[in-house]
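So the protein sequences, as listed, match chains A and B. Numbering of the first sequence is given in the UniProt record's numbering, commencing with residue 1 and proceeding in unit increments. Numbering of the second sequence is given in the UniProt record's numbering, commencing with residue 1 and proceeding in unit increments.
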Amino acid sequence: MTNWIEIGRVTDIPQRGARCVNTPAGKIAVFRTADNHIYAIENRCPHKGGPLAEGIVHGASVTCPLHNWVFDLASGEAQGADEGQVRTFPIDVVDGRIFMAPEVMMEAAE
Amino acid sequence: MQQKLVVIGAGMASGRVLEHLFEANPQAFDVTLFGSEQRGNYNRIMLSPVLAGEKTYEQIVTHDADWYAANGVVTRFGETITAIDRKAKVVLSRNGETPYDKLVIATGSAPFIIPVAGKELPGVMAFRDLDDVERMVAAAQKPDARAVVIGGGLLGLEAAAALRLRGMEVVVLHLMGHLMERQLDPAAGYLLQKELEGRGIRIHTKAQTKAILGNDRVEAVSLDDGTVYPADIVVMAVGIRPETRIATDAGLHVERGIVVSDQMITSDPDILAVGECVEHERTVYGLVAPLYDMAKVAAKTLVKEDAAFRPVKTATQLKVTGVSLYSAGDFAEAEDREEIVLRDASSGVYKRLVLKEDKIIGAVLYGETGDGPWFFDMLRRGTDTREMRDTLIFGQAYQGGAPLDPTAAVAALPDEAEICGCNGVCKGKITSTITGKGLTTLDGVRAHTKASASCGSCTHLVEQLMALTLGDSYNPAAVQPMCSCTDLGHDDVRRLIVAKELKSIPAVMQELEWKTSCGCAKCRPALNYYLVATWPGEYEDDGQSRFINERVHANIQKDGTYSVVPRMWGGMTNPKELRAIADVADKFAIPAIKVTGGQRIDLLGVKKEDLPGVWADLNSAGMVSGAAYAKGLRTVKTCVGSDWCRFGTQDSTGLGIRIEKFMWGSWTPAKVKMAVSGCPRNCAEATCKDVGVVCVDSGYEIHFAGAAGLDIKGTEVLCHAKTEDEALEIIVALTQLYREQARYLERIYKWAKRVGTASIKANIVDDLDKRRHYFERFTYSQKFAQVDPWEERVNGKDAHEFAAMAEFGLPVAAE
């Protein structure tokens, strides 16, 4: 495995909330659910570009703050009647520290 | 010649290694057992019952002197191994060297002591061995002794419950938002907290310990939020870490724990390790079941039999007498997973199963845990549950027979069975009244029989009786549920929050039997508002259940930037404020400035990270948040009134400012916009507002229930007030009635249409006592609401909202 980069600690993110990681590839939204699971997705709703990190987090889903599209955090798929997909990024959590692969942050930069 | 086996550590894992070893081959080794404690192996997980006084030390001993003698084990208790010399194959202690052919390290774990000032004071202790228990029991002898337990996990709570049983005053400090967050979801955490609080244990969540205070010994614990709890003892139960020092010193491969292979062999082929001190495939273990598995494997490896340790899923049970709690597996939500939730509020039961591809992968049970092992067994076996899906959550007893029809169960009840416990209404009374009076709605049944009219927890039974009696003519969908997380409508939820004194979102979800574990984006903001409005000063606002605008106190725009609107009382401003607005726009390169329809100024296109800086500058010019984003009081528009206008009859500007200063900061079901016009020419357009005042020569006409948005509707006249004071009291009381009755997101005109103008007038106009009470309730809640959210955030509140967690630039071009 390549050397993953630490992007922060689980406790940096509020429960049922999210924080952004700014990368050359754009903003990645990192979510923490009520039961302390961590997910990372692209911070951009495919509908009208809403910042998903600002949405309300419920279960393992987030509701976009602009027009209430709901996305599954694990798969990135839009739920219900809406159709769309956001990118998801692999995350590793060790001892409360969150890691992400460096190439993931760079690859979309081209 | 017999080989020499040395075992370091006389804990639960090493005890099991020896048992299995002697079963396999009693003659294989000549065993020497070292332990730092002055006693042999005992069942450490039973220390809680010993602390509680429910068991004695003798009852939890697993291996006594006779057993060691019978098996030829040389015991050297109280003798700590200080080093391993791998070249010479000896271990060192204060009595010199002891040679080995094979060595087993079972040093277990050490309690984690949080690094705060005062941690070394006498009276600070861990909860790890019998010495700790004896110290705690001694401390509890003193009358009115007080204990602070740091850590609301399994161990901390067992300690807390036991110390409480010993008569101590106990406070539990827990860093996270709910108890046992690694094993429980928030709903079960809530139930547990309620149970422990019922036993007189005080629970303080989100508690960041700042320091332990005292001169010669512990006297108190202080928290970051300023709370100080007096304490005679402090029990640290925040976690454990593998005790690996001697392995590290000996040059073995150690990461978080001593790294072992599937055969429990360390990086030295003659040294094995088992228990909490080891790390296997990057995982360290703290529960007893995997440790026993390790012991079995280690014993086989020692007698040269094939065996491999495979991690298995483990279940957790809290050992506090009278609390039934069971958790196993993985209970996070994800798209490919489904959950089944059963809540029975009246008996305090919560059960949640997480399924993936029809197999159970996680279970949390509270209150009724009898089916825990059955669920856990299916979880381990990966049993396909498709066939029993509908009744799975009810447990093993319901399987095998015909699927359970809930209506059939009610149909089978005798006529004299009590349905509504609050009002003592039996089944026969309800069914005969439905037939006799021709009732078709739940409200009708409530009105005529009082069944389910008090606490409402029997509502589903009454509805089933209606379905049974009326057949297809009963349409239960008459009440629109709040969202798909519940069958209850907004009105029922509001009523039950008051009746059952529910004061947190997990409490509402449990007691009202929510169907999801964590709600959704529809119900959470509504519940947060209902709790804020119902329990001022008691309910702690849940920011994560608020829409982004109310969380960051600005309006999100289509491009993800924000708009900022400072308050301009009654629409009045001055050169100082205008200069500050101009300066802040320059300083932060704010791209657009617009005059709003509510007589204030909007700064558009502010970057999120700039918000605290913008607010700091506006604050220092004396301006506060205009709440232009809030379901709360927005603006009070005014005309210039008798101050300037030749037609003005009253000081409309002054009254508008007075209303705004009295009511700012209040949260309401939907936004509230007001206006005060100085004469019937109505330049402030008061007759299309939520609440409007039109001044006349004889006083003030109070208008309400107007709309000029999605709908357009002129106001209705509520009443006439003679003085400014009277006008203010009426407007405030009206707003409070709206706050208490309306459904979340329901504007005043819709609420008024639903409940009827007559009922509003009866409360606010006709009955002066009632008006006064509504006025006073609003005034009380303002004590907690009138805090400028901008100033709070300038001073550091919610700092995480306004900064990225991490920034990564482009890599330096690698050639």
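Each residue gets a CB set at the ideal place from its N, CA and C atoms; glycine is no exception.
- Against G96 (chain A), chain B offers no close residue; the least beta-carbon distance is about 11 Å (beta-carbon pairs closer than 9 Å).
- Among the residues facing chain B, L66 (chain A) is included, as its CB has a counterpart in that chain under 8 Å away.
- For the region 56-98 of chain B, the full-length beta strand (DSSP E) segments reaching 3 residues or more read 74-77, 83-85 and 90-93 along the chain.
- Taking the Cα of A237 (chain B) as reference, the smallest distance to any Cα among B:L155, B:E181, B:I265 and B:I246 is reached at B:L155.
- Note on geometry: alpha-carbon atoms of K206 (chain B) and N36 (chain A) lie some 14 Å from one another.
- Secondary structure of M125 (chain B) (DSSP, three-state): strand.
- Residues of chain B whose Cβ lies closer than 8 Å to the Cβ of N22 (chain A) are, in chain order, A804, A806, E807 and F808.
- When DSSP reads this structure, K637 (chain B) sits in a beta bridge with B:A675.
- Interface residue (Cβ-Cβ distance to chain B less than 8 Å): H58 (chain A) is classified as such.
- Residues of chain A with a Cβ closer than 9 Å to the Cβ of R343 (chain B) do not exist; the shortest Cβ-Cβ separation is about 16 Å.
- One Cα belongs to A804 (chain B), the other to T63 (chain A), and the distance between them is close to 20 Å.
- Counting only runs of at least 4 residues, the UniProt domain "Nitrite/sulphite reductase 4Fe-4S" (630-769) of chain B fully encloses the following alpha helix (DSSP H) elements, listed from N- to C-terminal order: 641-644, 652-663, 724-741, 748-755 and 757-761.
- Secondary structure note for R32 (chain A): its beta strand (DSSP E) is the uninterrupted segment G26 to R32.
- In the DSSP annotation of this structure, S267 (chain B) is not part of any alpha helix (DSSP H), being labelled neither H nor E.
- If the five residues before and after N549 (chain B) are omitted, its C-beta is found closer than 8 Å to the C-beta atoms of N555, I556, Y629 and A630, all from its own chain and listed in chain order.
- Using a CB distance cut-off of 8 Å, A521 (chain B) counts as an interface residue toward chain A.
- Against chain B, the CB of R19 (chain A) has a partner CB under 8 Å away; the residue lies at that interface.
- Under the Cβ distance rule, F547 (chain B) counts among the residues neighbouring chain A, one pair being separated by less than 8 Å.
- Contact check between the region 575-593 of chain B and the region 603-619 of chain B: three or more CB pairs, one atom from each, fall below 8 Å, which counts as touching.
- Inter-segment contact for the region 342-360 of chain B and the region 376-396 of chain B is present: three or more beta-carbon pairs are separated by less than 8 Å.
- Under the Cβ criterion (8 Å, minimum of three pairs), the region 95-105 of chain B counts as touching the region 268-275 of chain B.
- I41 (chain A) counts as buried, since at least 16 other C-beta atoms from the protein chains shown sit within 10 angstroms of its C-beta.
- Straight-line spacing of the CA atoms in D443 (chain B) and L468 (chain B) works out to 17 Å.
- Rounded to the nearest whole angstrom, the C-alpha separation of S109 (chain B) and K296 (chain B) is 20 Å.
- Considering only B:S625, B:S267 and B:A211, the residue with the shortest C-alpha distance to V124 (chain B) is B:A211.
- With a cutoff of 8 Å on beta-carbon distance, L223 (chain B) and T244 (chain B) are scored as not near each other.
- Cβ atoms of A161 (chain B) and R199 (chain B) come within 8 Å of each other, at about 7 Å.
- By the neighbour-count definition (other C-beta atoms within 10 Å, threshold 16), S432 (chain B) is an exposed residue.
- For the pair K661 (chain B) and V57 (chain A), the Cα-to-Cα distance works out to about 34 Å.
- Within the model, the alpha-carbon separation for L392 (chain B) versus T385 (chain B) is close to 8 Å.
- In this structure, the straight-line span from the alpha carbon of D12 (chain A) to that of A585 (chain B) is close to 31 Å.
- Spanning the alpha carbons of I203 (chain B) and L173 (chain B) requires a straight line of approximately 6 Å.
- When rounded, the separation of the alpha-carbon atoms in A727 (chain B) and G570 (chain B) is 16 Å.
- Distance from the CA of G348 (chain B) to the CA of V260 (chain B), rounded to the nearest whole angstrom, comes to 44 Å.
- Collapsing the DSSP output to three states places I581 (chain B) in a helix.
- Judged by beta-carbon spacing, Y39 (chain A) lies beyond the 8 Å limit of A53 (chain A), meaning their Cβ atoms are not closer than that value.
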